[in-house]
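Undergrad: Residues in the sequence shown are numbered from 1 upward in steps of one, following full-length UniProt numbering. First, the structure itself, so that you have it in front of you.
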Amino acid sequence: MVKNSIWKNGPKFLNDPIDQWPLRQDCNLGNDELPDTIGIVMSSDIKKMTNTMSGFDFEDVKLENISSYSKLLRVTCILMRIVTTKSFKGASIGITAESLNAAELEWIRYLQRDISDDWTKTFRRLSPEKNEAGIVVVGKRLADWLKATWNRTDLMLLPNKGHYVWLYLKSVHDQDHAGVDVTLAKVRSKFWIPKVRKSISMIRKRCVICRRRDNKCIGQQMGPLPLERLQPSPAFSYCSVDLFGPLTIKDTVKGRTHGKAYGVLFNCMSSRALYVDLADGYDTSSFIMVLRRFTSVRGYHKKIRSDLGSQLVSASKELKEVIQNWHWDTIKMFGNGNGMEWEFTKAADAPWENGCSEALIKSVKKSLSLAIGQSIMTFSELQTVLFEVANIVSERPIGTSTSDPNEGAYLCPNDLILGRASSNVPAGHWDESDNFKKRWKFVQQVVNTFWRKWHRDYFPSLIIRQKWHVSKRNLQVLDLVLEQDNNSFRSNWKLGQIVEAKSSRDGVTRDVTVRYKNIGPGTKYTGTQDLLIRRSAHRIVVLLLVEEQISNK
1 MVKNSIWKNG PKFLNDPIDQ WPLRQDCNLG NDELPDTIGI VMSSDIKKMT NTMSGFDFED
61 VKLENISSYS KLLRVTCILM RIVTTKSFKG ASIGITAESL NAAELEWIRY LQRDISDDWT
121 KTFRRLSPEK NEAGIVVVGK RLADWLKATW NRTDLMLLPN KGHYVWLYLK SVHDQDHAGV
181 DVTLAKVRSK FWIPKVRKSI SMIRKRCVIC RRRDNKCIGQ QMGPLPLERL QPSPAFSYCS
241 VDLFGPLTIK DTVKGRTHGK AYGVLFNCMS SRALYVDLAD GYDTSSFIMV LRRFTSVRGY
301 HKKIRSDLGS QLVSASKELK EVIQNWHWDT IKMFGNGNGM EWEFTKAADA PWENGCSEAL
361 IKSVKKSLSL AIGQSIMTFS ELQTVLFEVA NIVSERPIGT STSDPNEGAY LCPNDLILGR
421 ASSNVPAGHW DESDNFKKRW KFVQQVVNTF WRKWHRDYFP SLIIRQKWHV SKRNLQVLDL
481 VLEQDNNSFR SNWKLGQIVE AKSSRDGVTR DVTVRYKNIG PGTKYTGTQD LLIRRSAHRI
541 VVLLLVEEQI SNK
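In structure tokens form, the structure reads like this:
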């Protein structure tokens, strides 16, 4: 609740002495009777309930203070009985269905005052008329159908504005939280409200239950590419790493003994070259051994980017648990000691942040499946197959291919690693003289040709955003959200609140920190510490914006 609100602290006059309260009472009444006019003076506002034929003055009822349609009718019944019986004992009389119907009819008569005097012209297409109760009704043309379907002969006409109509539409929607068409059909079984579809749609959009059930993840525009993917550099200077598996292997001596190994994929972020190796264990030292073999073949790199265990989408559940138990400080220490910088993705369950590796995992798995099928190999056999698969994938074309025959074959990562697209023995006559200057110029020509083709054929393809083209509203602190969890039903997604939202270098917020309670469904809350998790905007469903929270206050 808002600080210093009337709901929390009550009226201001309660802080004054009783004799200074703005309340005047006449205690000389006998026989529990009230006069025709009851005067109640409170907070300098005079509210009068007049004993008339209709019961009381509806203008004295503040509809904005009533939150539900059923409550409005109950309050109206009580006030009508107090005024009718001229006694406060009328409030203790039980509310019946007849009294609720009577209260509803009185409200309809009051609201139809707002209908213009020339209502016969305004609604002439509906053929309005007054029934015996003095209510303006429409639908006489369908009287037989209404009688057979809804046990009615007409539909009561109501204006499309006002808090009363809003409360009624909300009560109909809250019955089953159905769509606009279903709610509209239920409303028109009793009332005819012009242009009501827009109001029903607005109520549905504001309904938190419907938002929790129907809203999609907010998402965000695809971010700019890092500089490591856009600048020419030696192969594997900037690379990303990902893991896949586990893969079943057999013992070299005892063929019936099976074990598990894990594939490790290194991908050059600029040339898109590939290196795949095999780890024989699930501990930190096994991964470091793979990393040492990689650096021995390709050299130490400037920066390596990877996911933590909870973000590895390509990995199985078992592999995620394995990687979460790795000592990443030890791995980073190995890299830092050799001039390498290790960078981790921030948001959980966001594989697109390491997308250049995730995309190649699918190609490697497909080639591996075609190569070995259901066969179980030894460690050395499977490692050899992975080396060959890496070479095949590195022969894939990148960018667009030119039709100019003078430009040679298509551009592929092997052009930078091997100097040619294929690992086959190159054809042609080669000068075997020991002219080192000439050989150096030839190597430079191969490298320069690769980067020239890279800028011409591959670089333009990076300009296009393949998805997430539209920029969305930035997530803000205090937004109430749901955290998407692909491993559970939507009804079990965690409800949280954003506590930190940092923008990227382009001013767009793509990752946020969410605070939530770790309480399972059906579990009694006994008090738990708040948990914090970093999530991507593509895993966030917004329920209540901070602007709506402020406006509701």
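Every residue gets a Cβ at the ideal spot worked out from N, C-alpha and C, and that includes glycine.
Please look up how many angstroms separate the CB atoms of Pro-224 and Asp-506, rounded, as I've assumed it's under 8 Å.
TA: The residue given as residue 224 occupies position 224 in the sequence shown. The residue given as residue 506 occupies position 506 in the sequence shown. Right, their Cβ atoms sit about 6 Å apart.
Undergrad: In this structure, how does DSSP classify Met-377 when only helix, strand and coil are distinguished?
TA: On the sequence shown, residue 377 is found 377 positions in, with the first residue counted as 1. Strand.
Undergrad: For Ser-488, I'd like the list of residues in its chain whose CB is within less than 6 Å of its CB, leaving aside the five on either flank, ordered along the chain.
TA: By 1-based counting over the sequence shown, the position of residue 488 is 488. The answer is none, since no qualifying residue turns up.
Undergrad: What separation, rounded to the nearest whole angstrom, lies between the Cα atoms of Thr-378 and Thr-330?
TA: As a first step, residue 378 is located in the sequence shown; it is residue number 378 there, counting from the start. As a first step, residue 330 is located in the sequence shown; it is residue number 330 there, counting from the start. Those two C-alpha atoms are separated by around 29 Å.
Undergrad: Would you grab the beta carbon distance between Ser-471 and Gln-221 for me? Rounded to a whole angstrom, and I think it's under 8 Å.
TA: On the sequence shown, position 471 is the one that residue 471 refers to. On the sequence shown, position 221 is the one that residue 221 refers to. Indeed, because the Cβ distance is near 4 Å, the residues count as touching under 8 Å.
Undergrad: Tell me where the alpha helix (DSSP H) around Ile-361 begins and ends.
TA: Locating residue 361 in the sequence shown gives position 361, counting from the first residue. Residues 355-372.
Undergrad: By Cβ distance below 7 Å, which residues in the same chain neighbour Gly-399 in space, the five residues on each side in sequence not counted?
TA: Position 399 of the sequence shown, counted from the first residue, corresponds to residue 399. Closer than 7 Å at Cβ, skipping near neighbours: Leu-411, Asp-457, Tyr-458 and Ser-461.
Undergrad: Looking at the unbroken beta strand (DSSP E) that takes in Val-542, where does it start and where does it end?
TA: For the purposes of this step, residue 542 is identified with residue 542 of the sequence shown, where counting begins at 1. 540-544 is the extent of the beta strand (DSSP E) around Val-542.
Undergrad: Going by DSSP, what residues sit across from Leu-146 in a beta bridge?
TA: Numbered from its first residue, the sequence shown carries residue 146 at position 146. In the DSSP output, where bridge partners are listed per residue, Leu-146 has none listed.
Undergrad: Once the 5 residues before and after Leu-545 are set aside, which same chain residues still bring their CB inside 7 Å of it?
TA: Residue numbering aside, residue 545 sits at position 545 when the sequence shown is read from its first letter. Within the same chain, Leu-545 has close Cβ partners Asp-479.
Undergrad: Roughly how many angstroms separate the alpha carbons of Ala-390 and Ile-203, rounded to a whole number?
TA: Along the sequence shown, read from residue 1 onward, the residue named residue 390 stands at position 390. Along the sequence shown, read from residue 1 onward, the residue named residue 203 stands at position 203. If I take the Cα positions, the gap works out to 56 Å.
Undergrad: Going by the beta-carbon positions, is the gap between Ala-97 and Leu-73 smaller than 8 Å?
TA: Mapped onto the sequence shown, residue 97 falls at position 97. Mapped onto the sequence shown, residue 73 falls at position 73. Not in contact: Ala-97 and Leu-73 (Cβ atoms no closer than 8 Å).
Undergrad: Classify Pro-351: buried if its beta carbon has 16 or more other beta carbons within 10 angstroms, exposed otherwise.
TA: As a working mapping, residue 351 is identified with position 351 in the sequence shown. Buried: at least 16 other Cβ atoms inside 10 Å.
Undergrad: Please report the Cβ distance between Met-269 and Lys-302, rounded to the nearest whole angstrom; I am assuming they are in contact, meaning their Cβ atoms lie under 8 Å.
TA: Translated into the one-based positions of the sequence shown, residue 269 becomes position 269. Translated into the one-based positions of the sequence shown, residue 302 becomes position 302. Contact doesn't hold; Cβ gap of about 11 Å is too wide.
Undergrad: Can you name, in chain order, every residue of its own chain whose Cβ lies under 8 Å from the Cβ of Val-208, other than the five neighbours on each side?
TA: The residue you call residue 208 lines up with position 208 of the sequence shown. For Val-208, where only same-chain residues beyond five positions count, the Cβ hits under 8 Å are Leu-543 and Leu-544.
Undergrad: What did DSSP end up calling Val-196 once you bin it into helix, strand or coil?
TA: Numbered from 1 along the sequence shown, position 196 holds the residue referred to as residue 196. Three-state DSSP puts Val-196 in coil, outside helix and strand.
Undergrad: In chain order, which continuous runs of the beta strand (DSSP E) of length 3 or greater are located wholly inside the stretch 486-515?
TA: Those beta strand (DSSP E) runs which fall completely within the stretch 486-515 and span 3+ residues are 494-503.
Undergrad: If you reduce the DSSP assignment to three classes, tell me which class Arg-74 lands in.
TA: Against the sequence shown, residue 74 aligns to sequence position 74. Looking at Arg-74 - three-state DSSP - the assignment turns out to be helix.
Undergrad: Candidates Thr-509, Gln-549 and Ile-550: which alpha carbon is nearest Ser-534's?
TA: Taking the first residue of the sequence shown as position 1, residue 534 is located at position 534. Per the sequence shown, the amino acid found at residue 534 is Arg instead of Ser. For Arg-534, the nearest C-alpha among the options comes from Thr-509.
Undergrad: According to DSSP, His-258 sits in a beta bridge with which residue or residues?
TA: Against the sequence shown, residue 258 aligns to sequence position 258. Answer is Lys-250, bridged to His-258.
Undergrad: Going by the DSSP bridge assignment, what does Cys-210 pair with across the sheet?
TA: Translated into the one-based positions of the sequence shown, residue 210 becomes position 210. For Cys-210, which the question treats as bridged, DSSP gives no partner whatsoever.
Undergrad: As a quick exercise: from Arg-490, Val-514, Trp-493 and Ser-491, pick the residue whose alpha carbon is nearest that of Glu-500.
TA: Working through the sequence shown from its first residue, we reach residue 500 at position 500. That would be Val-514, whose Cα lies nearest to the Cα of Glu-500.
Undergrad: Whose C-beta lies closer than 7 Å to the C-beta of Asn-267 among residues of the same chain, with five residues either side of it excluded?
TA: If you number the sequence shown from 1, residue 267 lands on position 267. Cβ within range, chain order: Cys-239, Ser-240, Leu-274, Cys-356, Ser-357 and Leu-360.
Undergrad: When burial is assigned at 16 or more other CB atoms within 10 Å of the CB, is Leu-278 buried or exposed?
TA: Working through the sequence shown from its first residue, we reach residue 278 at position 278. Label assigned to Leu-278: buried.
Undergrad: Run the CB neighbour count on residue 586, radius 10 Å, all protein chains shown included, and call it buried at 16 or more, exposed below.
TA: Summary: the structure shown does not reach residue 586, with the chain confined to residues 1 through 553, and so no result is reported for it.
Undergrad: Would you mind stating whether Leu-105 and Ala-133 have Cβ atoms separated by less than 8 Å?
TA: Counted from its first residue, the sequence shown places residue 105 at position 105. Counted from its first residue, the sequence shown places residue 133 at position 133. A contact, by the Cβ cut-off of 8 Å.
Undergrad: Kindly list the residues whose CB is nearer than 6 Å to the CB of Val-172, restricted to its own chain and excluding five residues on each side of it in sequence; keep chain order.
TA: Residue mapping note: residue 172 aligns to position 172 of the sequence shown, counting from 1. Once the five neighbours on either side are set aside, the close Cβ partners of Val-172 are Thr-183, Lys-186 and Val-187.
Undergrad: On the DSSP bridge list, what partners appear for Ile-93?
TA: Position 93 of the sequence shown, counted from the start, is the residue given in the question as residue 93. Partner(s): none; Ile-93 has no beta bridge.
Undergrad: By how many angstroms is the C-alpha of Leu-495 removed from the C-alpha of Pro-246?
TA: On the sequence shown, position 246 is the one that residue 246 refers to. On the sequence shown, position 495 is the one that residue 495 refers to. Those two C-alpha atoms are separated by around 34 Å.
Undergrad: Can you give me the C-alpha to C-alpha distance between Ser-363 and Leu-169, rounded to a whole angstrom?
TA: Start at 1 with the first residue of the sequence shown, and residue 363 comes out as number 363. Start at 1 with the first residue of the sequence shown, and residue 169 comes out as number 169. Near 54 Å, if we compare the C-alpha coordinates of Leu-169 and Ser-363.
Undergrad: Specify, as a first and last residue, the run of the beta strand (DSSP E) that Phe-344 falls within.
TA: In the sequence shown, residue 344 corresponds to position 344, counting from 1. Per DSSP, Phe-344 belongs to the beta strand (DSSP E) from 341-344.
Undergrad: What separation, rounded to the nearest whole angstrom, lies between the Cα atoms of Ile-372 and Pro-413?
TA: Against the sequence shown, residue 372 aligns to sequence position 372. Against the sequence shown, residue 413 aligns to sequence position 413. If I take the Cα positions, the gap works out to 24 Å.
Undergrad: Straight-line CA distance for Ala-178 to Leu-14?
TA: Along the sequence shown, one-based indexing puts residue 178 at 178. Along the sequence shown, one-based indexing puts residue 14 at 14. Going from the Cα of Ala-178 to the Cα of Leu-14 covers about 44 Å.
Undergrad: Can you give the Cα-Cα distance for Arg-298 and Ser-237, rounded to whole angstroms?
TA: The count along the sequence shown starts at 1 and reaches residue 298 at position 298. The count along the sequence shown starts at 1 and reaches residue 237 at position 237. C-alpha separation (whole angstroms): 9 Å.
Undergrad: DSSP state of Asp-457, grouped into three classes?
TA: Counting from 1 along the sequence shown, the entry for residue 457 is found at position 457. Helix at Asp-457.
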